[in-house]
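Residue numbers (the UniProt record's numbering): 1 to 167. We treat Cβ as the ideally placed atom computed from N, Cα and C, and that holds for glycine. Please read all numbers here as calculations on a predicted model, not as lab measurements. Below: the structure, in structure tokens.
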């Protein structure tokens, strides 16, 4: 099993269109490429979710050797997307965050996930990058500190204490 992650966004700010725009711009500035994968709709024709593939630039190749899947979902306030772990991760519950941008596995692509997350949080400093397996969130300030002394195992270190955890 891999190590999943999510981007946390204030619920009132979230729209799939705006989020997808931010994903594309962040990938561009991280020197990554976004490919749209599956797009799913409900039987009534309303948008359900979209799978995007974020990978190293291909330079003429067909296969992305380093890549991760990021899902963009519709805006619904239902238990699957609400965020409830404020106290566990040290965030204020009044933020009313929702979980979006689900990433299936960051384990073997930590470097490109870092580049993407850094650029994403740079453009959206009130959002968070959450690694639920370890119950911690990365802020824009955390990412800036990590960039100054990049560690390839950044996602296994508590951003507040620097303590290492293994998957």
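- Nearest Cα to residue 155 within the set 139, 70, 14, 106: 106.
- Residue burial annotation: residue 58 is exposed, with fewer than 16 other C-beta atoms found within 10 angstroms of its C-beta.
- In the DSSP secondary-structure assignment, residue 73 is bridged to 49.
- Residue 97: member of the beta strand (DSSP E) spanning 97-103, first to last residue.
- Residue 146 is not bridged by DSSP to any residue.
- Non-local C-beta neighbours of residue 147 in its own chain, meaning closer than 7 Å and more than five positions away in sequence, comprise 118, ordered along the chain.
- Around the beta carbon of residue 81, 16 or more other beta carbons lie within 10 angstroms, which makes this residue buried.
- Ranked by how close their Cα comes to the Cα of residue 16, the residues 150, 76, 110 have 76 in first place.
- Around the beta carbon of residue 101, 16 or more other beta carbons lie within 10 angstroms, which makes this residue buried.
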